[in-house]
Amino acid sequence: MDILLTLALFIPLLLILWLANLAERKRAVPASESASESARVLSLITYAALVVLYGLFMLFGLLFQGLGWLAQGSAPDFATSLQRSGLDPAALSKMGLALWLPALLGLILLLPPVRRLFGRWIAAFDPGSTVHAVALSYISLILVNLLFTLAVGLDTLAEMLETDAAAGIPFNPAGGIWAQDVTLAVMAVIGVGWLARRGLGSALARLGIALPTGRQVAIGLGVGLLMVPVALLVEYLAGLVGFGENPDVARLTEQMIGPLMTSAPGILTLGLAAALGEEGIFRGALQPRFGIILTSLLFALVHSNYGLSFSTLLVFLIGLILGLLRRRFNTSTSMITHAVYNMALGLISFLGLLQNL
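Taking the working numbering, the leading residue of the sequence shown gets -16, the next gets one more, and so forth.
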């Protein structure tokens, strides 16, 4: 079910990226009036598809917000039914806002003046590129994911998963994680032009994915292992000054990825899936165009199970380290680092060593 849902959510985004790359291919043809016209048509189709997508988000968002206001006002029976299902009526309005407001931002980011302004801030961003415009606009989808999670509530999500577990409903996140990260990897290669203007080898080269050298493997392993005690120390010191782990974040994270830390396949999933998908899309595809800081920020925000907490800041700092590895070496090196870091944390949890730290 998780796999089908992931595909349903991502297929429209992949098609839009593919169309944008077709437009880019036509745009790159020198001094050809027919190619220029084709590029304009394909760009218009791409932008129209985005308008439809964001229009649906806005429609459902306004509907949710209206139902939330109704539940809090003149429909007490509806409010009671929501509460019985474990949902605060006020959260429904917030969920609506989490859909339509980022969707509106996504449309604003498509405007040429906004793209030109962004291009002055980020030198590698081409305001005239349809692909870059789509990538910029997709930032809003990360905000949808984060704000919708916050609207529902980390505590509510944790309670839902705990209730399912108490009722004996099995929850195995591995399938969903692999589906999501494999899809992100496919999005990365399509986003940089595969199937439209680049072959697979060229697309992987653009992503910085290559067979790592022995030195790069050693650096990836070393940095990944070194990051573990550093991250644990930072968390410990933060707790001493009152910035400890959010209990709702801890509960939700335990319910979401805790089952993976009970077996070797689960621990491998934590490392390998994230290395494939997250590094491919963030360090591979986005960082060369958006820069290290913005990419690391987006990387932190996409981890919506952390909400906006100290853990979010820690993920941002980890993103900076991975970004520096990508810049200095390649994405393959950052993939190794990410995988080793995640698997080391998973192994520590599996062995119960965190209880003694």
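All C-beta atoms in this analysis are idealised placements derived from N, C-alpha and C, irrespective of residue type, glycine included.
Note that the structure is a prediction, hence the values are computed from the model and not measured.
Problem - 3 or more residues per run - each beta strand (DSSP E) lying fully within the region 199 to 248 - result: When DSSP assignments are scanned along the region 199 to 248, no uninterrupted stretch of beta strand (DSSP E) that is 3 or more residues long falls wholly within it.
Problem - Residue burial classification, Asp231 (beta-carbon count within 10 angstroms, cutoff 16) - result: The residue is buried, with at least 16 neighbouring Cβ atoms inside 10 Å.
Handout entry: Inter-residue Cα distance where the pair is Leu2 and Thr245
Key = A straight-line Cα-Cα distance of about 42 Å links Leu2 and Thr245.
Practice task
In angstroms with no decimal places, state the Cα-to-Cα distance between Leu328 and Gly306.
Solution key: Linking Leu328 to Gly306 through their CA atoms gives a straight-line distance of about 20 Å.
Handout entry: Assigned exposure category for Asp147 - 16 Cβ within 10 Å defines buried
Key = Exposed is the call here.
Exercise for the section: Might you give, ordered along the chain, the residues of its own chain that have their beta carbon closer than 6 Å to the beta carbon of Gly207, omitting 5 neighbours on each side? Expected result: Excluding residues up to 5 positions away in sequence, Thr320, Val323, Tyr324 lie with their Cβ nearer than 6 Å to the Cβ of Gly207 in the same chain.
Handout entry: Buried or exposed by the 16-neighbour rule on C-beta atoms within 10 Å, applied to Asn4
Key = So Asn4 ends up on the buried side.
Exercise for the section: Starting from Trp177, follow its DSSP beta bridges and name the residues at the other end. Expected result: For Trp177, which the question treats as bridged, DSSP gives the partners Arg181.
Practice task
Kindly indicate which residue of Glu228, Ala141, Ala247, Leu27 has the alpha-carbon position closest to the one of Leu334.
Solution key: Nearest of Glu228, Ala141, Ala247, Leu27 to Leu334, Cα basis: Ala247.
Exercise for the section: Would you list, in sequence order, the uninterrupted beta strand (DSSP E) runs of no fewer than 3 residues that lie entirely inside the region 4 to 68? Expected result: For the region 4 to 68, not one full-length beta strand (DSSP E) segment reaches 3 residues or more.
Exercise for the section: Go ahead and label Tyr289 buried or exposed: buried means 16 or more other beta carbons lie within 10 angstroms of its beta carbon, across all protein chains shown. Expected result: With 16 or more Cβ atoms within 10 Å of its Cβ, Tyr289 is classed as buried.
Handout entry: Rounded straight-line distance, which links the Cα of Ser21 to that of Thr295
Key = Cα to Cα, the separation comes out at about 43 Å.
Practice task
Give a yes or no on contact between the region 169 to 178 and the region 188 to 198, applying the rule of three or more CB pairs nearer than 8 Å.
Solution key: In short, these stretches touch, since the Cβ pair count reaches three.
Problem - Alpha-carbon to alpha-carbon, Ala6 and Thr196 - result: Taking the straight line joining both Cα atoms gives about 36 Å.
Handout entry: Status (buried if at least 16 other CB within 10 Å, exposed otherwise) for Val213
Key = Val213 comes out exposed.
Handout entry: Contacting residues, own chain, Cβ-Cβ under 6 Å from Ala256 (five flanking each side not counted)
Key = Cβ neighbours of Ala256 beyond the five flanking positions: Ile160, Trp161, Asp164.
Practice task
Please report how far the alpha carbon of His115 lies from the alpha carbon of Val34, in whole angstroms.
Solution key: The alpha-carbon atoms of His115 and Val34 are separated by roughly 16 Å.
Handout entry: Identity of the residue in Arg98, Phe101, Gly49 nearest Lys77 by Cα
Key = Of Arg98, Phe101, Gly49, the smallest CA-CA separation from Lys77 is found for Gly49.
Practice task
Report yes if the CB atom of Phe265 is closer than 7 Å to the CB atom of Phe293, and no otherwise.
Solution key: Taking 7 Å as the Cβ cut-off, Phe265 and Phe293 do not qualify as a contacting pair.
Exercise for the section: Rounded to whole angstroms, what's the CA-CA distance from Thr113 to Ser26? Just pull it up for me. Expected result: Whole-angstrom Cα-Cα distance: 6 Å.
Handout entry: Option in Ile(-1), Ser15, Leu284 with minimal Cα separation from Ile122
Key = Nearest option by C-alpha distance: Leu284.
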